[in-house]
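A.B. asks: Final position of the sequence shown in our numbering is 350; the numbers increase by one with none missing.
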Amino acid sequence: MNGTVYDVVILGAGPAGLTAGLYAGRARLRTLIIEQEKDGGQIVQTAEIENYPGSLEEESGPTLIDRMSKQAARFGAEKVLDKVESLELDGALKTIRCRKESYQAKTVIIATGASPQLIGCPGEKEFTGKGVSYCATCDGAFFEELEVYVVGGGDAAVEEAMYLTRFARKVTVIHRRNELRAAKSIQEKAFKNPKMAFLWDSVVKELKGDGLLESMVVENVKTGERTEIHADEEDGTFGVFVFIGFRPNSEVFAGQLEMERGYIRTDDDMRTSVPGVYAAGDIRVKSLRQVVTAAADGAIAAVQAGKYIEEQE
Ligand code: NAP
Numbered sequence: 038m039n040g041t042v043y044d045v046v047i048l049g050a051g052p053a054g055l056t057a058g059l060y061a062g063r064a065r066l067r068t069l070i071i072e073q074e075k076d077g078g079q080i081v082q083t084a085e086i087e088n089y090p091g092s093l094e095e096e097s098g099p100t101l102i103d104r105m106s107k108q109a110a111r112f113g114a115e116k117v118l119d120k121v122e123s124l125e126l127d128g129a130l131k132t133i134r135c136r137k138e139s140y141q142a143k144t145v146i147i148a149t150g151a152s153p154q155l156i157g158c159p160g161e162k163e164f165t166g167k168g169v170s171y172c173a174t175c176d177g178a179f180f181e182e183l184e185v186y187v188v189g190g191g192d193a194a195v196e197e198a199m200y201l202t203r204f205a206r207k208v209t210v211i212h213r214r215n216e217l218r219a220a221k222s223i224q225e226k227a228f229k230n231p232k233m234a235f236l237w238d239s240v241v242k243e244l245k246g247d248g249l250l251e252s253m254v255v256e257n258v259k260t261g262e263r264t265e266i267h268a269d270e271e272d273g274t275f276g277v278f279v280f281i282g283f284r285p286n287s288e289v290f291a292g293q294l295e296m297e298r299g300y301i302r303t304d305d306d307m308r309t310s311v312p313g314v315y316a317a318g319d320i321r322v323k324s325l326r327q328v329v330t331a332a333a334d335g336a337i338a339a340v341q342a343g344k345y346i347e348e349q350e
């Protein structure tokens with residue numbers, strides 16, 4: 038057990054967690070951020086951030102997160118890389134058991150975000166990194182002049198598909214309905230892009246190949262007809278990028294907090310069902326999951342954690 042009793046332990050170093058760290062640090066609360074991989078969460082996979090207030094044209098997920106991390110550190114928020122394995126959230130002192138170390142805190146802010154939803158078809162896991170990807174920014178350049186398919190019809194799918202046209206010869210969006218969910222402004226740009234094509238009412242049933250992804254079985258959901266799409270002979274392979282939403286990273290809190298479909302319920306002040314425990318960002322039940330709303334949640338959660346500590350003393 039780490040000997041320090043922290044005022045606030047923040048789980049996750051995405052926009053919500055880093056903003057909570059900044060606010061808690063500025064309030065002179067003894068603050069620890071626990072991140073299991075690297076700072077940023079989903080946003081580091083985004084090439085361009087055009088809707089975070091004040092972002093300039095050259096702003097990317099990594100550049101924004103880098104500044105957020107430095108800002109939180111400047112105000113004294115400590116950070117460790119560790120994976121939370123179990124927690125005791127009831128009581129005045131919360132215990133967070135991680136793989137390498139255990140920590141105690143007066144309050145906990147959960148900002149563990151969400152991870153990409155998988156298609157769940159045969160071959161998906163096998164070909165991840167060998168044709169299947171969940172990050173256009175990370176892997177787009179591997180598909181220079183190849184064919185690429187993007188699964189999904191929301192903002193992420195269509196925006197990332199357009200980004201992929203920078204590299205790919207052709208990008209086909211495979212969507213399970215015959216109209217996109219993406220914002221109209223995004224759709225308009227996509228329909229104008231000569232490298233983009235659309236395969237409507239279709240879902241991916243299987244991904245196949247020998248080492249590299251070579252073919253894919255697609256089913257028309259209206260007719261039930263299955264078609265196998267093969268890589269161009271000269272190319273030998275193609276890419277499948279999946280953007281079909283996210284699942285909350287909340288398994289470790291199951292049974293301890295009130296949740297809805299895996300998302301943590303909070304009030305407007307980010308309080309969960311357990312006193313002294315707050316949730317911020319994509320992990321909580323909310324209507325708009327964006328960097329700006331995650332950052333706002335983090336700020337509120339940290340301020341409320343400070344008030345809670347004062348009230349307990
Ligand atoms: P989303 O809006 O939930 O869209 C998911 C898409 O995947 C939908 O088109 C959905 O189809 C499809 N889908 C879901 N499960 C599927 C399955 N099992 N098989 C095939 N297709 C499936 O997710 P998102 O695009 O990742 O966006 C998440 C949030 O981030 C949204 O609030 C979005 O507005 C926001 N976002 C905003 C921006 C921006 O403002 N620039 C960029 C990216 C994301 P249906 O349409 O049939 O349900």
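Every residue, glycine too, gets a C-beta built ideally from N, C-alpha and C.
Bear in mind the structure is a predicted one, so any value in this text is a computation, not a measurement.
(1) Helix or strand or just coil, what does DSSP make of proline 153?
(2) Three Cβ pairs or more, each shorter than 8 Å: is that satisfied between the region 193 to 211 and the region 293 to 311?
(3) Can you tell me which of the three DSSP states aspartate 319 falls into?
(4) So which of Met38, Val45, Thr41 and Gly40 has the shortest CA-CA distance to alanine 336?
(5) So, at 7 Å on beta carbons, what are the nonlocal neighbours of glutamine 224 in its own chain, with the 5 sequence-adjacent residues on each side left out?
(6) Taking the alpha-carbon of glutamate 271 as reference, which of Gly150, Glu251 and Gly177 has the nearest alpha-carbon?
(7) What number of angstroms, rounded off, separates the C-alpha of isoleucine 156 from the C-alpha of glycine 189?
(8) Among the residues of its own chain, which have a CB less than 6 Å from the CB of arginine 134, if the five just before and after it don't count?
(9) For the region 47 to 55 against the region 75 to 84, do three or more pairs of beta-carbon atoms, one drawn from each stretch, fall closer than 8 Å, so that the two count as touching?
(10) So what does valine 258 bridge to, in DSSP terms?
(11) Check whether the Cβ atoms of tyrosine 60 and valine 340 lie closer than 8 Å to each other.
(12) Pick out whichever of Val241, Met253, Asn286 and Lys232 has its Cα sitting closest to the Cα of aspartate 269.
(13) Check threonine 330 in the structure and name its three-state DSSP category.
(14) Below 8 Å on the Cβ atoms is my contact criterion, and I expect arginine 136 with lysine 120 to pass it. Report the Cβ-Cβ distance as a whole number of Å.
(15) Helix, strand or coil for tyrosine 171, going by three-state DSSP, please let me know.
(16) Please identify the residue among Tyr315, Gly282 and Ser324 whose C-alpha is closest to the C-alpha of threonine 149.
(17) Can you tell which of Lys259, Gly282 and Leu249 has the C-alpha that lies nearest to the C-alpha of serine 267?
(18) Please determine, among Phe164, Asn257 and Thr83, the residue with the shortest C-alpha to C-alpha distance to aspartate 247.
(19) Going residue by residue through the region 275 to 308, where are the continuous beta strand (DSSP E) segments of at least 3 residues, counting only ones entirely within it?
(20) For threonine 83, count the other beta carbons within 10 Å of its own beta carbon; 16 or more makes it buried, fewer makes it exposed. Which is it?
(21) Please report how far the alpha carbon of glutamine 327 lies from the alpha carbon of glutamate 87, in whole angstroms.
(22) Which residues does DSSP pair with threonine 132 in a beta bridge?
(23) Is the beta carbon of glutamate 181 less than 8 Å from the beta carbon of phenylalanine 278?
(24) For isoleucine 337, which of helix, strand or coil comes out of DSSP?
(25) Looking at the structure shown, is leucine 118 part of a helix, part of a strand, or coil, going by DSSP?
(26) Leaving out five residues before and five after alanine 114 in sequence, what residues of the same chain have Cβ atoms less than 6 Å from its Cβ?
(27) On the criterion of 16 or more Cβ atoms from any shown chain inside 10 Å, does serine 324 qualify as buried, or is it exposed?
(28) So, under 8 Å CB-CB, arginine 284 and alanine 151 are touching, yes? Tell me the CB distance rounded to an integer number of Å.
(29) If we count the other Cβ atoms within 10 Å of its Cβ and call it buried at 16 or more, is glutamate 72 buried or exposed?
(30) Go to valine 195, then tell me how far its alpha helix (DSSP H) extends in each direction, as first and last residue.
(31) Would you say leucine 325 touches the ligand NAP, meaning its beta carbon is less than 7 Å from a heavy atom?
(32) Name the residue from Tyr300, Glu295, Ile281 and Ala331 whose alpha carbon lies nearest to the alpha carbon of serine 310.
C.D. replies: Taking the geometry as given:
(1) As a first step, residue 153 is located in the sequence shown; it is residue number 116 there, counting from the start. It is a strand residue.
(2) no
(3) Taking the sequence shown and counting its residues from 1, the one referred to as residue 319 is at position 282. Of the three classes helix, strand and coil, the one that applies to aspartate 319 here is helix, per DSSP.
(4) Walking along the sequence shown from the start, residue 336 turns up at place 299. When only C-alpha atoms are compared, the closest one is Val45.
(5) As a working note, residue 224 is residue 187 in the sequence shown. These residues qualify, in order along the chain: Val195 and Leu217.
(6) The residue given as residue 271 occupies position 234 in the sequence shown. Out of Gly150, Glu251 and Gly177, Glu251 has the C-alpha closest to the C-alpha of glutamate 271.
(7) Along the sequence shown, one-based indexing puts residue 156 at 119. Along the sequence shown, one-based indexing puts residue 189 at 152. Between the alpha carbons of isoleucine 156 and glycine 189 lies a distance of about 10 Å.
(8) Numbered from its first residue, the sequence shown carries residue 134 at position 97. Answer for arginine 134: Glu122 and Ser123, listed in chain order.
(9) yes
(10) In the sequence shown, the residue the question calls residue 258 occupies position 221. Partner(s): none; valine 258 has no beta bridge.
(11) Mapped onto the sequence shown, residue 60 falls at position 23. Mapped onto the sequence shown, residue 340 falls at position 303. In this structure, valine 340 lies closer than 8 Å to tyrosine 60 by Cβ.
(12) As a working note, residue 269 is residue 232 in the sequence shown. It is Met253.
(13) Working through the sequence shown from its first residue, we reach residue 330 at position 293. Helix.
(14) Here residue 136 is taken as the residue at index 99 of the sequence shown, counted from 1. Here residue 120 is taken as the residue at index 83 of the sequence shown, counted from 1. Right, their Cβ atoms sit about 5 Å apart.
(15) Counted from its first residue, the sequence shown places residue 171 at position 134. Residue state, collapsed to three classes: coil.
(16) In the sequence shown, the residue the question calls residue 149 occupies position 112. The residue with the shortest Cα to Cα distance from threonine 149 is Tyr315.
(17) On the sequence shown, residue 267 is found 230 positions in, with the first residue counted as 1. The displayed chain sequence assigns histidine, not serine, to residue 267. In terms of Cα proximity to histidine 267, the closest of Lys259, Gly282 and Leu249 is Leu249.
(18) Here residue 247 refers to the residue found at position 210 when the sequence shown is read from its first residue. With distances taken between Cα atoms, aspartate 247 lies closest to Phe164.
(19) Segments of the beta strand (DSSP E) lying fully in the region 275 to 308: 276 to 279 and 283 to 285.
(20) Residue mapping note: residue 83 aligns to position 46 of the sequence shown, counting from 1. Classification for threonine 83: buried.
(21) Along the sequence shown, read from residue 1 onward, the residue named residue 327 stands at position 290. Along the sequence shown, read from residue 1 onward, the residue named residue 87 stands at position 50. Approximately 11 Å, taken between the alpha carbons.
(22) By one-based count along the sequence shown, residue 132 stands at place 95. In DSSP, threonine 132 forms a bridge with Glu125 and Gln141.
(23) Walking along the sequence shown from the start, residue 181 turns up at place 144. Walking along the sequence shown from the start, residue 278 turns up at place 241. Not in contact: glutamate 181 and phenylalanine 278 (Cβ atoms no closer than 8 Å).
(24) Numbered from 1 along the sequence shown, position 300 holds the residue referred to as residue 337. It is helical.
(25) For the purposes of this step, residue 118 is identified with residue 81 of the sequence shown, where counting begins at 1. Correct three-state label for leucine 118: strand.
(26) Looking up residue 114 in the sequence shown gives position 77. If we look at alanine 114 and ignore the five residues flanking it on each side, its Cβ neighbours are Gly58, Gly62, Thr68 and Ile70.
(27) Numbered from its first residue, the sequence shown carries residue 324 at position 287. Exposed.
(28) Counting from 1 along the sequence shown, the entry for residue 284 is found at position 247. Counting from 1 along the sequence shown, the entry for residue 151 is found at position 114. Arginine 284 to alanine 151, Cβ: 6 Å. Contact.
(29) On the sequence shown, position 35 is the one that residue 72 refers to. Classification of glutamate 72: buried, given that the 10 Å Cβ count is 16 or more.
(30) Working through the sequence shown from its first residue, we reach residue 195 at position 158. Note, valine 195: alpha helix (DSSP H), 192 to 201.
(31) Locating residue 325 in the sequence shown gives position 288, where the first residue counts as 1. Yes.
(32) On the sequence shown, position 273 is the one that residue 310 refers to. Selected option, being the one with the closest Cα: Glu295.
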